[in-house]
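Counting in this note's numbering, the sequence shown runs from 8 upward without gaps.
Think of the CB as a built atom: it goes at the ideal place given N, C-alpha and C, for glycine as much as any other residue.
Everything below concerns the one structure shown next.
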Amino acid sequence: MIGFIVRRLVWAFLLAAVITLFTFIIFFVIPTDTRSTLSGRGENDPTLAGQFHLRDKPVTTQYANFLDHLVEHGDLGRSIRSGVPVRDTIIRALPVTASLVIGGVVTWFLLAFPIGILSALRPRSLVDKGLMMLVLIGASAHPIWLGLVLSYLLGYKLHVFPLTGYCNFFGKATFCGGPTQWTYHMLLPWFTFACLLAALYARMIRASMLEAMDSDNVRTAKAKGAGTWQVVHHHVLRNAMLSVVSMVGMDLGLAFGGALFIEIVFGLPGMGKLLVRGLAGGDLPVIMGVVLVVSFAVAIANLLVDVLYTWIDPRVRAVGVDEGSGAVAAPKLGRLPAPAQVKESTT
């Protein structure tokens, strides 16, 4: 177990190094007119001019300087539009996106598991067909369309939820601050964020549970008189979780992409909105900083998913995990021993 975690930590460290290298190279080769982008500001500001490589230096030297500032000081440069350090801008936006993604992931599991379990326990029934119809609608709805519809109906028409805005969780419990207002303003974004992935995972949970319920150990447990929920809890659900946990690691990047649309619809000042402003203004330090932070977050989340997979499936501790896929690797089989020679007894 410890050896597996150490291997995954080393892999995550190497992945982070590769992310920084490729991100720097991609943004370095983008053809941009830096001087016109700086609009006269960089000509007199050596800090901004230096970070945009206006000096004649080799790419390797520039990457070494970038990596040195990033590792030692957490310095991501300065915005060419506002001149504000990118690190400070990301620190303000990151809690908003983290609140949206973490709360959205919890909401999508709270929706996906009951739907998937009920559908698997009543296959081909009216309940199953009705739930699968809701799943199909949720999988077909685009986050922007769904967010606008929910905001219009529940916010503008019924005044149940606020239309836009974000309240600080750690702020004072006034008009917009504290845990209550934070939750109240995030409920619609969480639900909108969770709908697409909850629909996909509900179908996955249903299929995994139906396959697990057809196994020999489940039939044996039922033959011994175990109840339905006892069988589901002890035998079916744990096996169904394996495929779900494997997919979570791969879908986290998709989740961050969906967060961009949600932040735009509900006016959340998070990383997605920051990225859109950077793209619209050609602010390369901001774009590069957002890409790096989100990539690091996905890498760390995948590391946690691998550790969780190891805890759920004890076989992984014995035979390991196939690198990069999260699938259980088959144990290595050696050469079978030769059959023992049986001496015939003489009578």
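Boundaries of the alpha helix (DSSP H) around Cys202: 185-220. The beta carbons of Ser126 and Asp135 sit closer together than 8 Å. Less than 8 Å separates the beta-carbon of Leu83 from that of Leu77.
DSSP, reduced to helix, strand and coil, places Pro92 within a strand of the structure shown.
Its chain contains Ala247, Ser250 as the residues whose beta carbon lies nearer than 6 Å to that of Ser215, once the 5 sequence neighbours on both sides are disregarded; these appear in chain order. Looking at the DSSP output, Arg85 sits in a beta bridge with Pro92.
Less than 8 Å divides the Cβ of Arg88 from the Cβ of Asp290. Spatial neighbours of Leu267 in its own chain (CB-CB distance under 6 Å, excluding positions within 5 residues in sequence) are listed in chain order as Gly279. For Leu21, the closest C-alpha among the options Ser302, Ile151, Leu315 is that of Ser302. Taking one beta carbon from each stretch, the stretch 137-155 and the stretch 183-191 have fewer than 3 pairs nearer than 8 Å; the two do not touch.
Between Thr199 and Ile269, the CB-CB gap stays under 8 Å. Taking the CA atoms as reference points, Ile271 sits about 8 Å from Ile151. Ala306 sits in a helix when the DSSP states are folded into three classes. Pairing Arg85 with Pro292 gives a Cβ-Cβ distance under 8 Å.
Within 10 angstroms of the beta-carbon of Gln188 lie 16 or more other beta-carbons, which makes it buried. CA-CA distance, Leu128 to Trp18, rounds to 40 Å. Looking at the backbone, the Cα of Phe168 and that of Pro196 are separated by about 10 Å.
Within the stretch 97-173, the complete alpha helix (DSSP H) runs of at least 4 residues fall at 133-147, 150-157. Rounded to the nearest angstrom, the gap between the Cα atoms of Gly256 and Leu16 is 15 Å. Between the alpha carbons of Val297 and Gly260 lies a gap of roughly 13 Å. Judged by their CB atoms, Thr68 and Leu299 are not nearer to each other than the 8 Å cut-off.
Around the Cβ of Asn309, a 10 Å sphere holds 16 or more other Cβ atoms; the residue is buried. Counting along the chain, the unbroken alpha helix (DSSP H) around Asn72 starts and ends at 66-80. For Asp258, the enclosing alpha helix (DSSP H) stretches over residues 244-273.
Secondary structure of Gly277 (DSSP, three-state): coil. Taking Leu153 as the centre and dropping the five residues before and after it, the same chain places the C-beta of Thr199, Cys202 closer than 7 Å to its C-beta, in chain order.
Around the CB of Ile109, fewer than 16 other CB atoms lie within 10 Å, so the residue is classed as exposed. C-alpha of Gly137 to C-alpha of Ile122: approximately 10 Å in a straight line. CA-CA distance, Met211 to Ile33, rounds to 36 Å. DSSP places Ala230 inside the alpha helix (DSSP H), whose first and last residues are 223-230.
Nearest C-alpha to Gly162 among Met193, Pro92, Gly178, Leu217: Met193. Residue state for Phe177 is assigned as coil, using DSSP reduced to three classes. For a cut-off of 8 Å, the C-beta gap from Thr96 to Leu281 is around 6 Å, short enough to register as a contact.
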